[in-house]
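This report concerns only the one structure given below.
Number of protein chains: 2
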Amino acid sequence: MSNKEQEVLEKYISQHNLKITKQRRAVLEAFLNCEDHVSAEELYKIVSAKEPKIGLATVYRTLSLLTESGLAAELDFGDGQKRYEMNYAHEHHDHMICTECGKIIEFHNEVIEKLQEEVAQKNGFKMTSHKLDLFGICKECQQ
Amino acid sequence: MSNKEQEVLEKYISQHNLKITKQRRAVLEAFLNCEDHVSAEELYKIVSAKEPKIGLATVYRTLSLLTESGLAAELDFGDGQKRYEMNYAHEHHDHMICTECGKIIEFHNEVIEKLQEEVAQKNGFKMTSHKLDLFGICKECQQ
DNA sequence: CTACCTGCAAATTATTTGCCTTAAC
DNA sequence: GTTAAGGCAAATAATTTGCAGGTAG
Numbered sequence: 001m002s003n004k005e006q007e008v009l010e011k012y013i014s015q016h017n018l019k020i021t022k023q024r025r026a027v028l029e030a031f032l033n034c035e036d037h038v039s040a041e042e043l044y045k046i047v048s049a050k051e052p053k054i055g056l057a058t059v060y061r062t063l064s065l066l067t068e069s070g071l072a073a074e075l076d077f078g079d080g081q082k083r084y085e086m087n088y089a090h091e092h093h094d095h096m097i098c099t100e101c102g103k104i105i106e107f108h109n110e111v112i113e114k115l116q117e118e119v120a121q122k123n124g125f126k127m128t129s130h131k132l133d134l135f136g137i138c139k140e141c142q143q
Numbered sequence: 001m002s003n004k005e006q007e008v009l010e011k012y013i014s015q016h017n018l019k020i021t022k023q024r025r026a027v028l029e030a031f032l033n034c035e036d037h038v039s040a041e042e043l044y045k046i047v048s049a050k051e052p053k054i055g056l057a058t059v060y061r062t063l064s065l066l067t068e069s070g071l072a073a074e075l076d077f078g079d080g081q082k083r084y085e086m087n088y089a090h091e092h093h094d095h096m097i098c099t100e101c102g103k104i105i106e107f108h109n110e111v112i113e114k115l116q117e118e119v120a121q122k123n124g125f126k127m128t129s130h131k132l133d134l135f136g137i138c139k140e141c142q143q
């Protein structure tokens, strides 16, 4: 279990005088093996299977750590809870969210990206990040 | 005060067997006169000036009513609270959010809109709405 | 051993709901 | 006069924090 993600996390941890614990390893491992776009609560349930005594607060704290270390990215689809996805060695993409079944389809469009940069520049705006979400009904849910 | 927005709201209200009250009028009026992208709490403070006995719950309830009636649109910039903007006789636009000062710049780019439609279609996705937010530093905050 | 980390419970924050009184129609 | 609306306080829901004991380095 000495994969790239472990390395990145441990590098961040040692650079910040923090400690590697079995709870942090467990959360990271569960996060890597679960489907994308998990919520804290969902991840908590998954981790609990392997580490029954872990607390929900620890999952929240570890997700913050993963976000700060650059391994995870926070998502917010406006449903009242934050979701997280893998962000390391993962190229940028946007989301289509099916409002029927909740499925999330990822996509990437270089031209849209370029145009966003252009719009920002035209307004003297120094863009640091962006998000594009399309809401609608996926193919399957249309019957 | 018999403007278009009042008419739209009153039409919605009568069609749904609801009632026109001075609180609802006050919230709508404050909403129309305030800057875009208010939160419920902000609007509550504004309305309180004219209608001191109004409750925060009423502001929330009226904002839902405005959203259902199509007058307002909910926004979520991921800062933990919903914001609202005028949505009636207001063409679609996207947002640039300054992460320094919180300022919001609106923009509209037809080509981006078209490309979004294309991406959706290519995936058999029936898009009902979308949101594009650019985060960064505005011209003023760069000095 | 010295911080940092954890689990737990309590605190917070934004928003919603229950209930009883009041006001629209 | 019905019935929805309002005010207020209590309830939720997601997330954060305080603290006392546990553990990594």
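Protein sequence lines, in the order shown, are assigned to chains A and B.
The letter at position 35 of the first sequence is residue 35 when you use my numbering, and the numbering goes up by one with no holes.
The letter at position 133 of the second sequence is residue 133 when you use my numbering, and the numbering goes up by one with no holes.
Beta carbons: idealized from backbone N, C-alpha and C, even for Gly.
Any chain B beta carbon closer than 8 Å to residue i
i	result
M96(A)	yes
M1(A)	With a pLDDT of only 48 at M1(A), under 50, the local geometry of the prediction cannot be trusted, and the value read off the model is given with reservation. Taking Cβ atoms only, chain B never reaches closer than 8 Å to M1(A), which makes this a no.
K50(A)	no
N17(A)	no
Any chain A beta carbon closer than 8 Å to residue i
i	result
G136(B)	yes
I112(B)	yes
T99(B)	yes
K139(B)	yes
Q143(B)	no
H90(B)	no
Host beta strand (DSSP E) of residue i (start-end)
i	result
L75(A)	72–76
Y88(B)	Careful: Y88(B) lies outside any beta strand (DSSP E) and carries neither H nor E.
S129(A)	126–137
C98(A)	94–98
C-alpha distance - residue i paired with residue j, whole-angstrom precision
i	j	result
N109(A)	H93(A)	8 Å
N123(B)	L132(B)	19 Å
E51(A)	D36(A)	21 Å
N17(B)	S129(B)	29 Å
T21(A)	A26(B)	55 Å
H95(B)	C138(B)	12 Å
T67(B)	F107(A)	29 Å
A40(B)	L56(B)	8 Å
C34(A)	C101(A)	18 Å
E113(A)	A120(A)	11 Å
S14(B)	F77(A)	33 Å
E140(A)	E117(B)	18 Å
K19(A)	L9(A)	11 Å
K11(B)	L43(B)	23 Å
V111(A)	A73(B)	28 Å
S69(A)	L134(A)	28 Å
L32(B)	T58(B)	17 Å
T99(A)	G136(A)	6 Å
M127(A)	L65(A)	24 Å
M1(B)	L75(B)	Unreliable positioning characterises M1(B) in this predicted model, as indicated by a pLDDT of 48, which lies under 50. The coordinate reading is nonetheless provided below. Cα to Cα, the separation comes out at about 27 Å.
Proximity test, residue i beta-carbon vs the ligand ADP heavy atom, cut-off 7 Å
i	result
V8(B)	By its list of ligands, the structure shown contains no ligand whatsoever, and the ligand ADP lies outside what it can speak to.
Residue i (DSSP reduced to helix, strand or coil)
i	result
I20(A)	coil
E106(A)	strand
K53(A)	coil
K82(B)	coil
S39(A)	strand
C141(A)	helix
S69(A)	coil
N123(B)	coil
Unbroken alpha helix (DSSP H) run spanning residue i, endpoints
i	result
S14(A)	4–15
Closer than 7 Å, Cβ to any Cβ of chain B: which residues of the region 103–131 of chain A, in chain order?
-> For chain B, the residues of the region 103–131 of chain A that bring a beta carbon within less than 7 Å of one of its beta carbons are I105, F107, N109, V111, I112, L115, Q116, V119, A120, N123, G124, F125, K126, M127, T128, S129, H130, K131, in chain order.
Name, going along the chain, the residues of the region 30–42 of chain A whose beta-carbon falls closer than 9 Å to a beta-carbon of chain B.
-> Taking a C-beta cut-off of 9 Å against chain B, none of the residues of the region 30–42 of chain A qualify.
The region 57–82 of chain A: which residues have C-beta closer than 7 Å to a C-beta of chain B, in chain order?
-> For chain B, the residues of the region 57–82 of chain A that bring a beta carbon within less than 7 Å of one of its beta carbons are D76, G78, in chain order.
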